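One structure below.
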Amino acid sequence: MNTAVENLGELDYSAEYNMTIFYSNDVTTNYHLSLGSHRTVKGLLVNQENTSQGYEISVDHANKLRDLVSKR
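The working numbering puts the last residue of the sequence shown at 584; the count rises by one with no breaks.
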């Protein structure tokens, strides 16, 4: 998320995956991850505690994530 582009306002998205990040200090954060199937489209990561704020995922990184989740 260091290079993510922040999107503010009303987000129109469909959550495809629920993702939980577990930090070393026992804190967790829940996200919605939307990737779609088209390899030319950016992804979206939304913190479930604030669904009016999302982070755009570049096409390159979204494709890497698509490849990872398709292997499961």
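Here a beta-carbon is modelled for each residue, glycine too, at the ideal position from N, C-alpha and C.
All values derive from a computational prediction rather than experimental measurement.
- Annotation for L577: no beta strand (DSSP E) segment contains it, though the alpha helix (DSSP H) segment containing it runs V571 to S582.
- Burial is judged here by how many other beta carbons sit within 10 angstroms of a residue's own beta carbon; V558 has at least 16 and is buried.
- Taking C-beta separations shorter than 6 Å and ignoring five residues to either side along the sequence, the partners of M531 in its chain run Y543 and L545, following chain order.
- If you draw a straight line from the Cα of L523 to the Cα of N537, it comes to about 30 Å.
- Counting along the chain, H550 sits inside no beta strand (DSSP E), nor does DSSP assign it H or E at all.
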